[in-house]
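Trainee: Quick mapping for you: the protein sequence lines, in order, are chains Z and E. The first sequence begins at 46 in our numbering and counts up one residue at a time. The second sequence begins at 3 in our numbering and counts up one residue at a time. Even for Gly, the Cβ is constructed at its ideal location relative to N, Cα and C.
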Amino acid sequence: KAGVTQTPRYLIKTRGQQVTLSCSPISGHRSVSWYQQTPGQGLQFLFEYFSETQRNKGNFPGRFSGRQFSNSRSEMNVSTLELGDSALYLCASSFVGEGGEQYFGPGTRLTVT
Amino acid sequence: DAKTTQPTSMDCAEGRAANLPCNHSTISGNEYVYWYRQIHSQGPQYIIHGLKNNETNEMASLIITEDRKSSTLILPHATLRDTAVYYCIAGAAGNKLTFGGGTRVLVKP
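Spelled out as structure tokens, the structure:
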């Protein structure tokens, strides 16, 4: 099976702009979660989508949003970018069932200047 | 998710077993113990998980104490490619993962 794919892999944006990141889960996985990783805060949970509905949400401002499509692919959007949004954004997919282990993609490295 | 406590770092000799401890004394009955690792700048990699029983797969073994308050991840024959940050997480299945600081493992030749 193909793994989780994320596009783009690298992105440079300017403060105030918005950005959309994409994630394609492993075939058959219906849950997609997003995480932010920074040197200062480590890995932090953003939100999780299952069957096109947001099921869990972390403690991030409303500038961070996401959605999931009927084919389980997911996008996350960050509006009004701030310098502190520079991070590695990771997507993980899981098969909802016993265990529910998550499989991560390679991440999108976002740099805000 | 229950809080987990892991050593900040540890070294291991190549070819020897690496034993990574994790304390999760407040784990509740429906929470699994998950182990992930992250090699520099890559996405975290799932290793193994368990609820009550010890588990083994092609990567590692997971030993959970009878009271479930702690666990040990065992890498049977560490290689240089096992150098990574290892995260122990206690959480409900299908829920968000709460990552702590992890254990930075350095495998030395």
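1) For P151 (chain Z) and chain E, any beta-carbon pair shorter than 7 angstroms?
2) Round the Cβ separation of E57 (chain E) and I50 (chain E) to the nearest angstrom and send it over; I've been treating them as touching at under 8 angstroms.
3) How big is the Cα-Cα spacing for S96 (chain Z) and S72 (chain Z)?
4) Compute the distance between the beta-carbons of G102 (chain E) and Y88 (chain E), then report whether it is under 7 angstroms.
5) Could you please give me the residues that DSSP links to S110 (chain Z) through a beta bridge?
6) Does the distance from the CB of S69 (chain Z) to the CB of T98 (chain Z) come in under 7 angstroms?
7) Run the CB neighbour count on H42 (chain E), radius 10 Å, all protein chains shown included, and call it buried at 16 or more, exposed below.
8) Below 7 angstroms on C-beta distance, what does N97 (chain E) contact in chain Z?
9) If we ignore side chains and look at the alpha-carbon of each, how far apart do Q63 (chain Z) and N25 (chain E) end up?
10) Do the segment 121–132 of chain Z and the segment 71–90 of chain E meet, that is, are 3 or more Cβ pairs less than 8 angstroms apart?
11) Under 8 angstroms, with one C-beta from each stretch per pair, do the segment 27–41 of chain E and the segment 118–125 of chain Z reach the 3-pair mark?
12) Candidates E:T100, E:K110, E:P111, E:V109: which alpha carbon is nearest P87 (chain Z)'s?
13) Going along chain Z, which residues have a C-beta under 7 angstroms from Y36 (chain E)?
14) For I66 (chain E), count neighbouring C-beta atoms within 10 Å of its own C-beta (all shown protein chains included) and say buried if the count is 16 or more, exposed if not.
15) Could you tell me if P106 (chain Z) is buried or exposed, where buried requires 16 or more neighbouring beta carbons within 10 angstroms of its beta carbon?
16) Given a cut-off of 7 angstroms, decide if V109 (chain E) and A80 (chain E) are closer than it, judged by their beta-carbon atoms.
Mentor: Let's see:
1) Yes - at least one Cβ of chain E is within 7 angstroms of the one on P151 (chain Z).
2) Right, their Cβ atoms sit about 6 angstroms apart.
3) When rounded, the distance between both Cα atoms is 14 angstroms.
4) No. Outside cutoff.
5) Under DSSP, S110 (chain Z) shares a beta bridge with Z:N122.
6) Taking the C-beta atoms as reference points, T98 (chain Z) is found no nearer than 7 angstroms to S69 (chain Z).
7) Exposed, by the Cβ-count rule.
8) Per Cβ cutoff of 7 angstroms: N101.
9) Each residue's alpha carbon lies about 41 angstroms from the other.
10) At 8 angstroms Cβ cutoff, the stretches do not touch.
11) In short, these stretches do not touch, since the Cβ pair count stays below three.
12) In the sequence as displayed, the identity of residue 87 (chain Z) is Gly instead of Pro. It is E:T100.
13) In chain order: E146.
14) It is buried - the Cβ of I66 (chain E) has at least 16 other Cβ atoms within 10 Å.
15) Exposed.
16) Yes, Cβ-Cβ distance for A80 (chain E) and V109 (chain E) is below 7 angstroms.
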